[in-house]
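These protein sequence lines are chains L and S, in that order. Read in order, the letters of the first sequence correspond to residues 1 to 125 in this note's numbering. Read in order, the letters of the second sequence correspond to residues 126 to 724 in this note's numbering. Here a beta-carbon is modelled for each residue, glycine too, at the ideal position from N, C-alpha and C.
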Amino acid sequence: MKIERELMRGAGPVAVLKLLNRREMYGYELVETLAERTDGALAMGQSTLYPMLYNLEAQGFIEGYWKEAGTKGAGGNGGSRDRKYYRLTDKGKKRLAEDSRQWEAVTKAMQAIGVISSVAFAFGA
Amino acid sequence: MTNMPNSNSGAASFGPAGKSPAVSAASLPPDLRCLVDRVLKKSRLWRCERSDVEAELAAHFADGLASGAAPAQLAIDFGNPASAAKLIRRGKLRNRPRWWHALNRARQAAVLGVVALLLFVGIHAIRFYIGQPTLRFNPVEVMNRESIAIPESSRAWPLYRQAILSLDLNDAERNLLADSLKNLPSDAEFAQIKPLLERSRRSLELTRQGASRPALGYIAGHTTDHELDMKAWEVGGKKGLAPVAHPSETSEENRDAISILLTHFSPMRQLVRLLRADSYAAIHEEDSRRLTENVTAILAMSVQARSPDAIISRLVSIAFLNVAGEVLRDALAAQPDLLSDSQLRDLAHRFASMGSAADLVSLQGERIFFDDFLQRTYTDDGNGDGRFTAEGARYLAALADPSDPVAPPVYAVSSIVLANRKDLHDVYHGALDRAQAELRVPPWQLPESSERAGASFERSLETPLARVKYEAISILMPALSRVYTVATNAVLERDATLTAIAIELYRRNYRSLPTSLDALVPSYLPAIPLDNADGKPLRFVLCEGGYVLYSLGADRQDAGGVSAQNQRDQTLLRQFGRTSEPTQPADWVLFPREHPLAR
């Protein structure tokens, strides 16, 4: 199921922060994980993910850094290469906690009025 | 998570140019390389930002390829490159340093400011070009209202005009009257002017007849008097082209006040000079009746010259008053017994009736001139306000250079800072109100020159913006302090004439001169005139053969009644309120004009 753009705009950053709360990740890994863990509900094109990452970085919630990956190159020509990894900052952790509380409240409210019947979003389970 | 590349090895750095090389887009398959290039190109980021994004996207696709995805699928998954570039740019811009954001905001503000300014200027320019002045009154009609109401038979001007047309004097003779006869002529000079005056009898008679009429009755307009022009051209030896006759002005025309021609001043000045010369001749010939008639005529012309009302009219009027006083004081100095008691008393009454400085000066004409300027250059909202117009700009340009009355478009912009109509009106009339009130204050009670009416207006023009804002006023404002000085000095001279008459009447009664001016009050004078220098009684000293009546002059130093010997010092001593010192100690001697204490 594809999520509406407006809803995605609110849910996407929280989802990324939650993933990064567990461990540092790089862009492709985030895209794949989001698609896999949400059954494609929160799958986002890279054209959406990278700008989102830059915005979160600009707000100080995450920080990116380059690290040697030690995998084969794109053409399979061997040797190590760099990837840009992202990790959550302290500020990002506080923001994630705040956002999680708000999403819980929204979910409960939605349940209360019968929009949803059970908790539909649960990251990090 | 499947096919995920390993993420837990290698060294970290915060830029793609770490010790291990980042994946380059050049190493990607062509369609992915092309996609990355498109995103980078459209993102319009800094070089360092682009290389960071390039490395990250290249790494991203390398990871995708490594996980077994096809390049075409990766390109589809990536999404629209154009919107990606846009979003990436937005995200990266947020990461830029604070100084860049500050600079960017300043740039945006500047651009906004310029746009707003252009919009403002544009709207103002449109309003400037579509605004139209409305003519509410005809200044010629206003100025002539009084003269037109006078019956033809009561008007002096037709007789003066006739007097000039019948005057048979060449240029040299006219110059002799203008320049050489400012004092009592010597016997040799008298011999020179006698035949000239004989030839001018008819003109003199016509002038005296004109002076006896109740008003001048000169009708001002924008055309010259062709007959008078021709006469002047003939007298001047017919040099240059003959004057051209212009069609007379119709009542439907409504032309501006500033270009109204006051062609009567020059002829009237000539006639007053003629009367002055004839007065000196009368003194020489001991003809008291003619002398009295001439001085009376000059005084009457002084009153007549006040109309049409304009500052220039008042200055000419004051000049005539001064001439009458000089002639009479010279007569009293040279021939004290010439005039009878009754003649002296009659003349004293006529001089006294000329009034105070406030009576001598009127600024009403200047108000009409300025209001006419406003109605020709500004719109009229019906409540006294309005804005400067393109037609007004053309009018100003024509005033500055009549041969090129094209207003430059810069007026459309500069008019933004020009004062609006009401402001201009209030500032101008306010300055004139203060100047008019100042005429009632004697010179010794005047505030410091920096606090005076003219000075306070000049102070308001100290900034460049104010100079532009009130440019019209600075062009059209008369020299108010000069007008004050001329008027108060004329009153001082008139008072000196009255005092000289009083002293002569005292001398005849007591067969000796008074020892002080106090002796004249109240039988011969209601009060002793006060000196413009300090408000104390005019100075009076007896000397061999007579007495000296004087003012301390602008330097306020008593030199004992010694007159200045050069023109510069004489002028300085008359400029009350200024601090310049004469080159030698001297006073402003009022009687006798050529006196025995001169150095």
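Point to revise | Exposed unless 16 or more other CB atoms sit within 10 angstroms - verdict on Lys18 (chain L) | key: buried
Check your understanding: Does the distance from the C-beta atom of Pro264 (chain S) to that of Ala382 (chain S) stay below 7 Å?
Key -> yes
Review point. If we cut at 7 Å on Cβ distances, does Ala15 (chain L) have a partner in chain S?
Key: no
Review point. Buried or exposed: Thr708 (chain S), going by 16 or more other Cβ atoms within 10 Å of its Cβ?
Key: exposed
Point to revise | Candidates S:Leu638, S:Ile385 and S:Arg338: closest to Glu669 (chain S) by CA position | key: S:Leu638
**Study point:** Short CB-CB distance (under 7 Å) between His185 (chain S) and chain L
**Key:** yes
Review point. By a C-beta neighbour count over all protein chains shown, 10 Å radius and 16 as the cutoff for buried, is Tyr50 (chain L) buried or exposed?
Key: buried
Practice item. Work out the CA separation of Leu485 (chain S) and Gly561 (chain S) for me, nearest whole Å. Key: Reading off the sequence shown, one finds Gln at residue 561 (chain S), where the question assumed Gly. C-alpha separation (whole angstroms): 11 Å.
Check your understanding: Going by the CB atoms, is the gap between Gln429 (chain S) and Leu341 (chain S) shorter than 7 Å?
Key -> yes
Check your understanding: Is DSSP giving Lys661 (chain S) helix, strand or coil here?
Key -> coil
Check your understanding: So Trp171 (chain S) is in the alpha helix (DSSP H); what residue range does that whole segment cover?
Key -> No alpha helix (DSSP H) contains Trp171 (chain S), which DSSP labels as neither H nor E.
Check your understanding: With a Cβ-Cβ cutoff of 7 Å, do Val452 (chain S) and Ser404 (chain S) count as a contact?
Key -> yes
**Study point:** Among S:Ala597, S:Lys594 and S:Ser325, the one whose alpha carbon lies nearest that of Leu302 (chain S)
**Key:** S:Ser325
Review point. Taking 7 Å as the CB-CB cut-off, is Gly204 (chain S) touching chain L?
Key: yes
Review point. Helix, strand or coil: how does DSSP classify Gly135 (chain S) here?
Key: In this predicted model, Gly135 (chain S) has a pLDDT of only 46, less than 50, meaning its place in the structure is not dependable enough to derive any value.
Review point. Whole-angstrom Cβ separation of Lys94 (chain L) and Gly60 (chain L), contact assumed at under 8 Å?
Key: Rounded, the Cβ-Cβ distance is 11 Å, inconsistent with contact.
Practice item. For Val14 (chain L), count neighbouring Cβ atoms within 10 angstroms of its own Cβ and tell me buried if that reaches 16, exposed if not. Key: buried
Check your understanding: For the segment 375-415 of chain S, which segments carrying the alpha helix (DSSP H) assignment without a break, of at least 4 residues, lie completely within its bounds, in sequence order?
Key -> 390-409
Review point. By a C-beta neighbour count over all protein chains shown, 10 Å radius and 16 as the cutoff for buried, is Val397 (chain S) buried or exposed?
Key: buried
Check your understanding: Assuming Leu655 (chain S) contacts Ala679 (chain S) under a Cβ cut-off of 8 Å, what Cβ separation, rounded to an integer in Å, is found between them?
Key -> The pair is not a contact, with the Cβ atoms about 15 Å apart (cut-off 8 Å).
Practice item. Determine, using beta-carbon pairs with one atom in the segment 412-421 of chain S and one in the segment 356-374 of chain S, whether at least three such pairs fall under 8 Å. Key: no
Exercise for review: For Arg633 (chain S), collect the residues of the same chain with a Cβ closer than 7 Å to its Cβ; drop the 5 residues on either side in sequence, then sort them by chain order.
Suggested key: Asp466
Practice item. Using the Cα positions of Ile728 (chain S) and His554 (chain S), report the straight-line distance between them to the nearest angstrom. Key: Outside the shown range of chain S, which is 126 to 724, sits residue 728 (chain S), and nothing can be said about it.
Review point. For Lys364 (chain S), which three-state DSSP category applies?
Key: coil
Exercise for review: Check whether the Cβ atoms of Ala406 (chain S) and Leu322 (chain S) lie closer than 7 Å to each other.
Suggested key: yes
Practice item. Using a Cβ-Cβ cut-off of 7 Å, state whether Glu181 (chain S) counts as contacting chain L. Key: yes
Check your understanding: Around the Cβ of Ala345 (chain S), are there at least 16 other Cβ atoms within 10 angstroms (buried) or fewer (exposed)?
Key -> buried
Exercise for review: Say whether chain S places a C-beta atom closer than 7 Å to the C-beta of Arg5 (chain L).
Suggested key: no
Check your understanding: Closest by CA to Ser413 (chain S), which one among S:Phe390, S:Gln468 and S:Val360?
Key -> S:Gln468
Review point. Count the other CB atoms within 10 Å of the CB of Ser478 (chain S); is the residue buried (16 or more) or exposed (fewer)?
Key: exposed
Check your understanding: Mind checking Thr89 (chain S): buried by the 16 CB within 10 Å criterion, or exposed?
Key -> Nothing can be reported for residue 89 (chain S), as the shown portion of chain S is limited to 126 through 724.
Review point. What is the rounded straight-line gap between the Cα of Leu228 (chain S) and the Cα of Asp156 (chain S)?
Key: 38 Å
Exercise for review: Could you tell me if Ala652 (chain S) is buried or exposed, where buried requires 16 or more neighbouring beta carbons within 10 angstroms of its beta carbon?
Suggested key: exposed
Exercise for review: Check whether the segment 256-271 of chain S touches the segment 505-515 of chain S, counting contact only when three or more Cβ pairs, one atom from each stretch, lie closer than 8 Å.
Suggested key: yes
Check your understanding: Taking any Cβ of chain A, which residues in the segment 50-72 of chain L have a Cβ under 7 Å from it, in chain order?
Key -> Reference to chain A is not applicable here, since the protein chains of this structure are L and S.
Practice item. Report the neighbours of Thr89 (chain L) on chain S: residues whose CB is nearer than 9 Å to its CB, in chain order. Key: Per Cβ cutoff of 9 Å: no residues; Thr89 (chain L) is ~13 Å from chain S at best.
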